[in-house]
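*Asks:* So the number in the working numbering is just where the residue sits in the sequence shown, counting from 1, plus 1144. Starting off with a structure, shown below.
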Amino acid sequence: MALNAARDAAAAQHYPQGALYVVATPIGNMADITLRALHVLKLVDAVACEDTRHTQGLLRGYGLERPGAQLLAVHQHNEAEAAEGVIARLRQGQRVAYASDAGTPAVSDPGARLVDAVRAAGLPVVPLPGASSVTAALSVAGIVQETGFVFAGFLPTKAAERDAAALALQVEPRTVVLLEAPHRIEAMARSLACLGERRITVCRELTKQFEEIDNVQASGFADWLAEAGQTVWGCCRSAPQGTVLLGLVRNPLISLDRLVQ
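What follows is the structure, encoded as structure tokens:
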């Protein structure tokens, strides 16, 4: 049914041969895929992906399972080299899709080097927008206004560098979106304490059954985690389930004018 709807909705568009299709996939809820993504994932000659087993499972869930030879591993450890194989296929006129494990590729996920290499080779890259944990979190945080936001991604893993990066956020006049792995979230909370009363919207397991969205002051984030650890966050300590998103409200005492000085 879904594949028929995808064909009816998306088939009229032109899908050039020899192009790389950058496909956004769900961040947790299988229903959050676009009809156009389904059509392209069925149409292409091969699917390059961050994890072939994960993507095969995703495709199987939509009735799009492929032979192993049509799944190409392209991840952070081999992206530069694997891009050459993708480019070779594109030059043969093949259509190739790229999907990371979840969400939109090349945004704190593998894919950027592949896209850069394909474009440098003079070949077309076609975006297929869809699920994004960043925009999903911002949509329910209510903290982005006329000043916009900054996507900072993951802060450094080393304590001193992470503390310095957190301190630098004191003078950022825009809303900031941060990502962190569950097993490092307590260290992140300690680093962000320097931001005092600034509000943080904490998002975990977005779009999934146990989705959690909470607000907490930066100075009390570490204590809040400790209190909630046996309930909301306890499972993260024993079995990390996914990236935690932090939406840091803008500093109202800093003018946006400082950015153009």
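Virtual Cβ for every residue (Gly too), placed ideally from N, Cα, C. Quick caveat: nothing in here was measured; it's all calculated off a predicted structure.
Alpha carbon to alpha carbon, what distance is there between Gly-1201 and Ala-1246?
*Replies:* 12 Å
*Asks:* Please name the residue, chosen from Ala-1146, Gly-1297, Ala-1256, that lies closest to Asp-1176 on a Cα-to-Cα basis.
*Replies:* In terms of CA proximity to Asp-1176, Ala-1146 leads the group Ala-1146, Gly-1297, Ala-1256.
*Asks:* Using CA coordinates, which residue listed in Ala-1331, Ile-1357, Val-1270 is at the minimum distance from Arg-1343?
*Replies:* Ile-1357
*Asks:* Please work out which residues of its chain come closer than 7 Å, Cβ to Cβ, to Gly-1255, disregarding the five sequence neighbours upstream and downstream, and give them in chain order.
*Replies:* Val-1166, Tyr-1242, Ser-1244, Pro-1249, listed in sequence order.
*Asks:* Which value, in whole angstroms, describes the spacing of the CA atoms of Ala-1333 and Ala-1232?
*Replies:* 45 Å
*Asks:* If we ignore side chains and look at the alpha-carbon of each, how far apart do Thr-1387 and Ser-1252 end up?
*Replies:* 11 Å
*Asks:* Are there 16 or more other CB atoms within 10 angstroms of the CB of Gly-1286, so buried, or fewer, so exposed?
*Replies:* exposed
*Asks:* How is Phe-1293 classed by DSSP in three states: helix, strand or coil?
*Replies:* strand
*Asks:* Return the residue from the list His-1327, Gly-1340, Ala-1154, Ala-1281 that minimises the CA-CA distance to Leu-1313.
*Replies:* Of the residues His-1327, Gly-1340, Ala-1154, Ala-1281, the one whose Cα lies closest to the Cα of Leu-1313 is Gly-1340.
*Asks:* So is Arg-1394 buried or exposed if we call it buried at 16+ other beta carbons inside 10 Å?
*Replies:* buried
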